[in-house]
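Visitor: Below you will find the structure I want to go over with you.
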Amino acid sequence: MLLRLSLVVLLLLQLGWSAHAQDEETVEVEEGTEEAEQEEVKPLYSPPTATGETYFTDHFLSEESFKQKWILSEAKKEGVAEDIAKYDGKWAVEEPEEQAMSGDLGLVLKDKAKHHAVSAKLDKPFKFDGKPLVVQYEVRFQKGMECGGAYIKLLSDVPGLDLKNFQDKTGYTIMFGPDKCGVDTKLHFIFRHKNPNNGSYEEKHSKKPTMDLVNVFTDKQTHLFTLIVNPDNSFEVFVDQTLVNSGNLLQDVSPPVNPPQEVEDPDDSKPEDWDEREKIPDPDATKPEDWNEDAPRKIVDPDATKPDGWLDDEDEFVPDPGAVKPEDWDDEMDGEWEAPQIENPRCEAAPGCGEWSPPMIDNPEYKGKWKAPMIANPNYKGIWKPRMIPNPDYFEDLSPYAMTPIGAVGLELWAMTEDVLFDNFIITNEKTVADEWAKASWKLKSHEEAREKAQKSFIESVVFAAYERPWLWVVYIMVVIIPVILFIHFCCPATIPKKKSAHPKKTDAITPDDKLPKKKKADLNAKPAEAGQGDAMAEEDQKAGAEDEAAGDDAAEEEVPEAEEKDGEEQEQEAPEEDQQEERKPSKADLEATEQPEALAEEGSPRTSARKRKVRKD
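See below:
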């Protein structure tokens with residue numbers, strides 16, 4: 323039973339750990355020298371290289387390369403106070419605070435409670451001409467996130483695009499990425515759709531993702547965000563290469579891309595004789611003659627009587643006799659001082675104090691204001707609605723995928739927590755290219771970060787695994803409960819005295835419970851008196867067992883007498899001696915062991931003589 327339960331515990335632990343590590347790819351690292359093993363060396367980070375067609379890539383090799391490629395905004399945000407209107411938040415290319423790989427750099431948002439804006443031109447504009455759009459980048463909230471975003475904007479490639487004037491009003495084609503404020507977490511996928519009738523733009527928001535994004539903002543690990551928009555109008559959103567949202571641009575966005583064919587007529591109005599009342603008062607009903615609308619709801623209880631012992635002359639509250647006027651009390655400033663009121667101590671034993679008045683009860687004659695009963699309205703026509711007319715703004719766009727071309731990528735953010743790190747941007751038209759890019763960058767970093775986190779705190783990683791997979795809590799509970807049950811069962815047994823068996827198990831060795839019958843003892847006590855035989859046997863046994871007796875006789879002398887006295891009392895209560903002789907027949911070894919103390923006693927050894935007396939005592 324113990325073995326089976328132990329196996330169950332091991333299997334549950336293995337299941338929980340396997341679930342935590344199932345998405346991690348094993349990275350083999352060659353073993354170094356003994357000195358290198360003692361002092362851990364972080365693996366060297368190598369920037370990824372795109373394996374296919376790309377429109378934009380950046381892995382932030384240095385501050386100089388960042389300044390050459392990215393442009394800081396010099397604009398002011400409209401509609402906010404002047405002191406916070408500027409996009410003056412600082413950016414820096416630096417290592418993460420907790421570096422998992424040596425040489426890895428990223429773009430870091432440095433200031434909190436400030437507006438940040440930076441953007442970069444694509445290597446070539448992305449045109450929605452039949453190829454998928456794949457956008458991917460990494461985000462790490464190094465200090466968590468209280469309120470702020472880490473989304474990117476894919477700016478529309480339109481004439482006059484000025485990145486130095488990049489602000490919240492700058493036109494974009496797609497906005498994508500995580501956002502949080504308080505307990506509200508979001509993963510934006512918003513695209514601006516152009517109305518083919520009038521050329522206006524309207525934002526279309528995708529549905530909420532299925533994954534809970536709390537960990538993204540709190541675990542301080544690097545996370546990978548991927549968006550794919552396909553020519554068939556389908557879209558997919560991945561977090562750490564796990565699908566968290568998908569749908570169709572025609573059905574799964576709000577508001578819908580295509581307006582309804584019919585709308586309510588704004589010029590229509592409800593007719594004056596339109597009756598929307600489903601029920602009306604019965605016009606033929608009359609108030610009963612005995613209906614008294616003036617009767618009060620409550621009346622004095624006529625059957626109430628004053629309880630015996632009621633103290634009419636005592637006040638319910640009296641001045642506190644122990645109160646003392648404060649020394650700093652000024653009668654002119656504070657008025658005449660009065661002691662605070664306390665409950666009258668004389669009222670504690672009485673049913674009440676002060677003037678007695680009978681209680682109020684519900685008036686049995688009260689009926690309230692009379693109202694006529696409600697009946698079905700014969701003129702009811704239902705709830706009025708305006709008539710429907712063809713929608714003058716109706717259009718049908720069956721390919722919302724064909725969005726405005728993209729010319730730049732930008733970060734326009736406000737955050738209440740600093741040190742948000744961005745890295746490894748890529749825009750391409752093939753998912754395999756983005757996957758290879760992630761394999762050479764995010765995969766390696768996330769593996770090293772998870773390994774370091776597991777080394778720092780096993781408990782944190784266990785909780786992290788259960789947060790993504792709530793069913794693991796059941797596994798953890800079983801892993802804790804089963805060892806406790808086993809410990810109680812085997813280490814704390816119940817202290818109930820066990821009933822001794824009337825027929826104990828027989829063994830060849832003589833024990834305190836296996837007493838020889840009295841007749842046999844008498845025969846054995848007589849044998850050592852014979853000449854020669856007992857002496858010779860005693861001498862051989864004495865030589866062979868001299869070392870054993872020196873180690874064990876001291877304990878035997880203290881334990882045997884007490885045990886023999888108890889056994890003697892038990893034998894008197896057991897079956898007749900004849901039955902015991904048949905059930906307990908001593909072997910040859912038992913007889914020789916019994917003869918040994920008698921023979922040694924004749925040799926005059928004090929220790930042996932003591933043993934002889936103890937054996938003969940019974």
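In this text, residue positions in the sequence shown follow this note's numbering: the first is 323, and each later residue adds one.
For glycine and all other residues, C-beta sits at the position ideal for the given N, C-alpha and C.
On the DSSP letters alone, give me the boundaries of the alpha helix (DSSP H) that H515 sits inside.
Guide: Residue numbering aside, residue 515 sits at position 193 when the sequence shown is read from its first letter. Looking at the DSSP string, H515 is not in any alpha helix (DSSP H); the run it does join, the beta strand (DSSP E), is 506-516.
Visitor: F382 and L427 look like a contact to me (Cβ under 8 angstroms); what is the Cβ gap, rounded to whole Å?
Guide: Translated into the one-based positions of the sequence shown, residue 382 becomes position 60. Translated into the one-based positions of the sequence shown, residue 427 becomes position 105. About 5 angstroms separates the two Cβ atoms, so the contact holds.
Visitor: Work out the CA separation of D757 and L455 for me, nearest whole Å.
Guide: By one-based count along the sequence shown, residue 455 stands at place 133. By one-based count along the sequence shown, residue 757 stands at place 435. One C-alpha to the other measures close to 14 angstroms.
Visitor: Between which two residues does the alpha helix (DSSP H) holding C503 run?
Guide: To locate residue 503, count along the sequence shown from 1; it is residue 181. First-last for C503: 494-503, but that is the beta strand (DSSP E), not the alpha helix (DSSP H).
Visitor: Would E419 be called buried (16 or more neighbouring beta carbons within 10 Å of its own) or exposed?
Guide: On the sequence shown, residue 419 is found 97 positions in, with the first residue counted as 1. Result: exposed.
Visitor: Measuring CA to CA, which of P727, K389, K364, I807 is closest to V263?
Guide: Since the first and last residues shown for the chain are 323 and 940, residue 263 lies out of range.
Visitor: Please list the terminal residues of the continuous beta strand (DSSP E) segment that includes E525.
Guide: The count along the sequence shown starts at 1 and reaches residue 525 at position 203. Element bounds for E525: 523-528.
Visitor: Mapping DSSP to helix, strand and coil, what is E352?
Guide: Translated into the one-based positions of the sequence shown, residue 352 becomes position 30. Summary for E352: the model assigns pLDDT 42, below 50, so the residue's position carries little reliability, and this model does not support an answer.
Visitor: Let me know if G690 comes out buried or exposed under the rule of 16 or more other beta-carbons within 10 Å of its beta-carbon.
Guide: Along the sequence shown, read from residue 1 onward, the residue named residue 690 stands at position 368. Exposed, because fewer than 16 other Cβ atoms sit within 10 Å of the Cβ of G690.
Visitor: State the DSSP-derived secondary structure class of Q390, mapped to helix, strand or coil.
Guide: As a first step, residue 390 is located in the sequence shown; it is residue number 68 there, counting from the start. Helix at Q390.
Visitor: Could you work out which residue in F539, N552, N699 is closest to E468 when comparing CA atoms only?
Guide: Here residue 468 is taken as the residue at index 146 of the sequence shown, counted from 1. Selected option, being the one with the closest Cα: F539.
Visitor: Excluding the 5 residues preceding and the 5 following E774 in the sequence, name in chain order all residues of the same chain whose CB lies nearer than 8 angstroms to its CB.
Guide: Numbered from its first residue, the sequence shown carries residue 774 at position 452. Excluding sequence neighbours, E774 sits near E420, A422.
Visitor: Give the DSSP-derived three-state secondary structure of A737 in the structure shown.
Guide: For the purposes of this step, residue 737 is identified with residue 415 of the sequence shown, where counting begins at 1. Residue state, collapsed to three classes: strand.
Visitor: Give the straight-line distance between the Cα atoms of K592 and E584, rounded to the nearest whole angstrom.
Guide: Taking the first residue of the sequence shown as position 1, residue 592 is located at position 270. Taking the first residue of the sequence shown as position 1, residue 584 is located at position 262. Cα to Cα, the separation comes out at about 19 angstroms.
Visitor: Answer yes or no: do G471 and L735 have a C-beta to C-beta separation smaller than 7 angstroms?
Guide: Mapped onto the sequence shown, residue 471 falls at position 149. Mapped onto the sequence shown, residue 735 falls at position 413. Yes, the Cβ-Cβ distance between G471 and L735 is below 7 angstroms.
Visitor: Please report the straight-line C-alpha distance between T564 and H811, rounded to a whole angstrom.
Guide: Locating residue 564 in the sequence shown gives position 242, counting from the first residue. Locating residue 811 in the sequence shown gives position 489, counting from the first residue. One C-alpha to the other measures close to 45 angstroms.
Visitor: Please return the same chain residues whose Cβ sits closer than 6 angstroms to the Cβ of I705, not counting the five positions on each side in sequence.
Guide: By 1-based counting over the sequence shown, the position of residue 705 is 383. Only E598 meet the Cβ criterion.
Visitor: Roughly how many angstroms lie between the CA atoms of A760 and P370, to the nearest whole one?
Guide: Position 438 of the sequence shown, counting from 1, holds the residue named residue 760. Position 48 of the sequence shown, counting from 1, holds the residue named residue 370. If I take the Cα positions, the gap works out to 8 angstroms.
Visitor: So which of V440, V363, P447, P365 has the shortest CA-CA distance to E396?
Guide: Residue mapping note: residue 396 aligns to position 74 of the sequence shown, counting from 1. Cα-wise, what sits closest to E396 is V440.
Visitor: Is it right to say Y716 is buried, meaning 16 or more other beta carbons lie within 10 angstroms of its own, or is it exposed?
Guide: Against the sequence shown, residue 716 aligns to sequence position 394. Label assigned to Y716: exposed.
Visitor: Below 7 angstroms CB to CB, which residues in the same chain sit around P648 once its five sequence neighbours on both sides are set aside?
Guide: Counting from 1 along the sequence shown, the entry for residue 648 is found at position 326. For P648, where only same-chain residues beyond five positions count, there are no Cβ hits under 7 angstroms.
Visitor: Going by other Cβ atoms of all chains shown within 10 Å of its Cβ, with 16 needed for buried, is K486 buried or exposed?
Guide: For the purposes of this step, residue 486 is taken as residue 164 along the sequence shown, with counting starting at 1. With fewer than 16 Cβ atoms within 10 Å of its Cβ, K486 is classed as exposed.
Visitor: When you compare each of T376, K391, G493 to M725 by their alpha carbons, which one comes out closest?
Guide: Within the sequence shown, the letter at position 403 stands for residue 725. Ranking the options by Cα distance to M725, first place goes to G493.
Visitor: Return the CA-CA distance between N751 and N517, expressed in angstroms with no decimal places.
Guide: Within the sequence shown, residue 751 is the residue found at index 429, counting from 1. Within the sequence shown, residue 517 is the residue found at index 195, counting from 1. Answer to the nearest angstrom: the Cα atoms are 26 angstroms apart.
Visitor: When you compare each of G482, L431, Q489, L444 to K465 by their alpha carbons, which one comes out closest?
Guide: Reading the sequence shown from its first residue, position 143 is the one you call residue 465. Ranking G482, L431, Q489, L444 by Cα distance to K465 puts L431 first.
Visitor: Assign A694 to buried or exposed, taking buried as 16 or more other Cβ atoms, counted over all protein chains shown, within 10 Å of its Cβ.
Guide: By 1-based counting over the sequence shown, the position of residue 694 is 372. So A694 counts as exposed.
Visitor: Does the Cβ-Cβ distance between A442 and W392 come in under 7 angstroms?
Guide: Taking the first residue of the sequence shown as position 1, residue 442 is located at position 120. Taking the first residue of the sequence shown as position 1, residue 392 is located at position 70. In this structure, W392 lies closer than 7 angstroms to A442 by Cβ.
Visitor: With contact counted as at least three CB pairs below 8 angstroms, one residue from each stretch, are the segment 566-579 and the segment 663-682 in contact?
Guide: With a cut-off of 8 angstroms, the segment 663-682 and the segment 566-579 do not count as touching, because too few Cβ pairs lie within range.
Visitor: Give the straight-line distance between the Cα atoms of T495 and G732, rounded to the nearest whole angstrom.
Guide: The residue given as residue 495 occupies position 173 in the sequence shown. The residue given as residue 732 occupies position 410 in the sequence shown. Cα-Cα distance, rounded: 11 angstroms.
Visitor: With which residues is V806 paired in a DSSP beta bridge?
Guide: Locating residue 806 in the sequence shown gives position 484, where the first residue counts as 1. Note: V806 sits in no beta bridge, so no partner.
Visitor: By the three-class DSSP mapping on this structure, what secondary structure does C814 have?
Guide: One-based indexing of the sequence shown puts residue 814 at position 492. Here C814 sits in coil by DSSP.
Visitor: List the DSSP bridge partners of T548.
Guide: The residue given as residue 548 occupies position 226 in the sequence shown. In the DSSP output, where bridge partners are listed per residue, T548 has Q458, F560.
Visitor: With a threshold of 16 other CB atoms inside 10 Å of the CB of F513, please say whether the residue is buried or exposed.
Guide: Within the sequence shown, the letter at position 191 stands for residue 513. The residue in question, F513, is buried, as its Cβ has 16 or more Cβ neighbours within 10 Å.
Visitor: Please look up how many angstroms separate the CB atoms of Y688 and P618, rounded, as I've assumed it's under 8 angstroms.
Guide: For the purposes of this step, residue 688 is identified with residue 366 of the sequence shown, where counting begins at 1. For the purposes of this step, residue 618 is identified with residue 296 of the sequence shown, where counting begins at 1. Yes, they are in contact, since the Cβ atoms of Y688 and P618 sit about 7 angstroms apart, within 8 angstroms.
Visitor: Go through the segment 598-678 residue by residue and report every complete run of the alpha helix (DSSP H) that reaches 4 residues or more, in order.
Guide: The qualifying runs are 653-656.
Visitor: How big is the Cα-Cα spacing for V536 and D433?
Guide: Here residue 536 corresponds to residue number 214 of the sequence shown, with the count starting at 1. Here residue 433 corresponds to residue number 111 of the sequence shown, with the count starting at 1. Those two C-alpha atoms are separated by around 22 angstroms.
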